[in-house]
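Participant: Dropping the structure in here first, questions after.
Numbering (the UniProt record's numbering), first residue to last: 1 to 418.
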């Protein structure tokens, strides 16, 4: 007898129902496509929303990149001058005037860590372009007696002509600083170091044999007319007391040398001796200029905040305008996580777009500003990465609420809103 079969009854495999209920995961490319859909269809709104992010990131890079470039230029200038140079001079405004001893240069040379020392002295004479100019008009220039070994110690160089020699330092010859040459109308010296035009110091004519290049950290030298030490004594009645000593020492011993110089230079009245470091003054000046960096960083943070609010506002409006799209996708099987991921991706993409544009803008402004001032271009990697990362974080934060609101819409309500 045959066994009857169960007519029309079909039992599905248990795994089939579980597979049908399992949500479909979106591929990364599909998620990016959905996330960029709102940006592509509403380009003007997306650009305006990303503008706040771009301004914030660009400001952050500029206010860190420009001071970094300025700092690099400062280090270059300090390296050119040398951070181991000290200036020694008598205190000003003394009655009677304080004078450095005539033997002070030789006394400083005896200090162990000192590697070199040179001196200049104010002759208190006026220099004129010709004998037809006002005898009391010295054009704001200083006539200095100079030692032959001055240039290498202050890192100066001759731009035209030649420096004083053991022969010319005894004769009425001068070398002009860069500013002094411009004010006296001396633009060049004949090739080969030959004599150039003459200038009048007191009632004596001196021949120009050289012009120095600018010395950025020693503007007094730029505004000086330099005469050989023996010629200043014989031609201008110079008394031999130096005005400024330039001292080089071993780098590790700079502070120790600085401490003993007053007693070394003037044992009888060390309080009348002032020892300074030209690099300190420049560093303090640059530190003052860079004090505004923190203020601009705060402005960059405000711009980022405003940009984040703009992105959040754009995303909320996008959710309201695309309720029908959200309802249709939910009706076709998209679950809340996919809707949430779509709008969160759009927010991050919008903020990242602003971050990329802001980074490029900040790099361009920093490079252009540094090039204009002839500084080395320095772009802090940390601020650049922080800017891009900050833009992504702003996108995430700004997109959390709109994405959750979109995911919470019931399909029927979203479709009915159309």
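Built from N, CA and C at the ideal position, the CB exists for glycine as well.
Measure how close the beta-carbons of residue 241 and residue 121 come, nearest whole angstrom, since I'm counting them as under 8 Å.
Facilitator: Contact holds; Cβ gap of about 6 Å.
Participant: Assuming the contact rule is C-beta atoms closer than 8 Å, residue 399 and residue 348 should be a hit. Round their C-beta distance to whole Å, please.
Facilitator: So it is a contact: roughly 6 Å between Cβ atoms.
Participant: Does the distance from the C-beta atom of residue 402 to that of residue 316 stay below 8 Å?
Facilitator: The answer is yes: Cβ separation under 8 Å.
Participant: Is the beta carbon of residue 90 less than 8 Å from the beta carbon of residue 98?
Facilitator: Yes; because the gap between Cβ atoms is below 8 Å, this pair is in contact.
Participant: How should residue 375 be labelled, buried or exposed, when 16 other C-beta atoms within 10 angstroms of its C-beta is the threshold for buried?
Facilitator: Buried is the call here.
Participant: With 16 other CB atoms within 10 Å as the buried threshold, where does residue 248 fall?
Facilitator: Under this definition residue 248 is a buried residue.
Participant: For a test of the three-state rule: what should DSSP assign to residue 87, helix, strand or coil?
Facilitator: Of the three classes helix, strand and coil, the one that applies to residue 87 here is strand, per DSSP.
Participant: Going along the chain, which residues of its own chain have a beta-carbon closer than 6 Å to the beta-carbon of residue 362, five neighbours each way excluded?
Facilitator: Cβ neighbours of residue 362 beyond the five flanking positions: 58, 61 and 62.
Participant: Closest to residue 102 by CA distance: which of 245, 163, 397 and 173 is it?
Facilitator: Of 245, 163, 397 and 173, the residue nearest in Cα terms is 245.
Participant: Let me check one thing: in DSSP terms, what residues is residue 198 bridge-paired to?
Facilitator: Answer is 207, bridged to residue 198.
Participant: Give me the Cα-Cα distance between residue 136 and residue 267, rounded to the nearest whole angstrom.
Facilitator: Cα-Cα distance, rounded: 37 Å.
Participant: I need the straight-line Cα distance from residue 115 to residue 146, nearest angstrom please.
Facilitator: Each residue's alpha carbon lies about 19 Å from the other.
Participant: Assuming residue 419 and residue 208 make a contact with CB atoms under 8 Å, what is their CB distance in whole Å?
Facilitator: No answer is possible for residue 419: it lies beyond the span of the chain, which begins at 1 and ends at 418.
Participant: Rounded to whole angstroms, what is the Cα-Cα separation between residue 74 and residue 46?
Facilitator: For residue 74 and residue 46, the distance between alpha carbons rounds to 42 Å.
Participant: What first and last residue would you give for the beta strand (DSSP E) that runs through residue 159?
Facilitator: From DSSP, the beta strand (DSSP E) with residue 159 extends over 158-161.
Participant: Taking the CB atoms as reference points, tell me whether residue 186 and residue 176 lie closer together than 8 Å.
Facilitator: Against a cut-off of 8 Å, the Cβ pair of residue 176 and residue 186 comes out as a contact.
Participant: Output the residue ranges of the beta strand (DSSP E) runs that lie fully inside the segment 39-64 and measure 3 residues or longer, sorted by chain position.
Facilitator: Runs found: none.
Participant: If you draw a straight line from the C-alpha of residue 104 to the C-alpha of residue 263, how long is it?
Facilitator: For residue 104 and residue 263, the distance between alpha carbons rounds to 11 Å.
Participant: Using the C-alpha atoms, what's the distance from residue 329 back to residue 388?
Facilitator: Their backbone Cα atoms lie some 32 Å apart in a straight line.
Participant: Taking Cβ positions, are residue 111 and residue 273 nearer each other than 8 Å?
Facilitator: No; because the gap between Cβ atoms is not below 8 Å, this pair is not in contact.
Participant: On the criterion of 16 or more Cβ atoms from any shown chain inside 10 Å, does residue 409 qualify as buried, or is it exposed?
Facilitator: By the neighbour-count rule (16 or more Cβ atoms within 10 Å), residue 409 is buried.
Participant: Using the C-alpha atoms, what's the distance from residue 228 back to residue 168?
Facilitator: Taking the straight line from one Cα to the other gives about 7 Å.
Participant: Looking at the strands, I want to know which residues DSSP matches up with residue 176.
Facilitator: Partner(s): 211 and 225.
Participant: Flag this pair as yes or no: are the beta carbons of residue 224 and residue 133 separated by less than 8 Å?
Facilitator: No, Cβ-Cβ distance for residue 224 and residue 133 is not below 8 Å.
Participant: Can you list, in chain order, the residues of its chain whose CB lies under 7 Å from that of residue 131, leaving out five sequence neighbours each side?
Facilitator: So the qualifying residues of the chain are 200.
Participant: Measure the C-alpha to C-alpha separation of residue 271 and residue 139 and round it to an integer number of angstroms.
Facilitator: So the alpha carbons of these two residues sit roughly 33 Å apart.
Participant: In the DSSP assignment, find the beta strand (DSSP E) that holds residue 269 and state where it starts and stops.
Facilitator: Element bounds for residue 269: n/a, residue is neither H nor E.
Participant: So, helix, strand or coil for residue 122, using DSSP?
Facilitator: In this structure, residue 122 counts as strand in the three-state DSSP scheme.
Participant: Thinking C-beta only, is residue 307 closer than 8 Å to residue 52?
Facilitator: In contact: residue 52 and residue 307 (Cβ atoms closer than 8 Å).
Participant: At 4 residues or longer, and completely inside the UniProt domain "ABC3 transporter permease C-terminal" (298-411): list those alpha helix (DSSP H) runs for me, N to C.
Facilitator: The UniProt domain "ABC3 transporter permease C-terminal" (298-411) contains these whole alpha helix (DSSP H) runs: 323-331, 336-372 and 381-407.
Participant: Closer than 7 Å by C-beta to residue 9: which residues in its own chain qualify, once you throw out the five before and the five after it? Chain order, please.
Facilitator: Here residue 9 scores only 46 on pLDDT, less than 50, and its place in the model should not be relied on; the value that follows carries that caveat. If we look at residue 9 and ignore the five residues flanking it on each side, it has no Cβ neighbours.
Participant: Which residues in the same chain have their Cβ closer than 6 Å to the Cβ of residue 407, if we skip the five residues on either side of it in sequence?
Facilitator: Same-chain partners within the cutoff: 336, 339 and 340.
Participant: Looking only at DSSP bridge pairs, what is residue 128 linked to?
Facilitator: Answer is 200, bridged to residue 128.
Participant: Using the three-state DSSP reduction, which class does residue 257 fall into: helix, strand or coil?
Facilitator: Correct three-state label for residue 257: helix.
Participant: So, residue 50 versus residue 357, is the Cβ gap smaller than 8 Å?
Facilitator: Yes.
Participant: To which residues of the same chain is residue 343 closer than 7 Å at the C-beta, ignoring the five residues directly before and after it?
Facilitator: Excluding sequence neighbours, residue 343 sits near 315, 319, 399, 402, 403 and 406.
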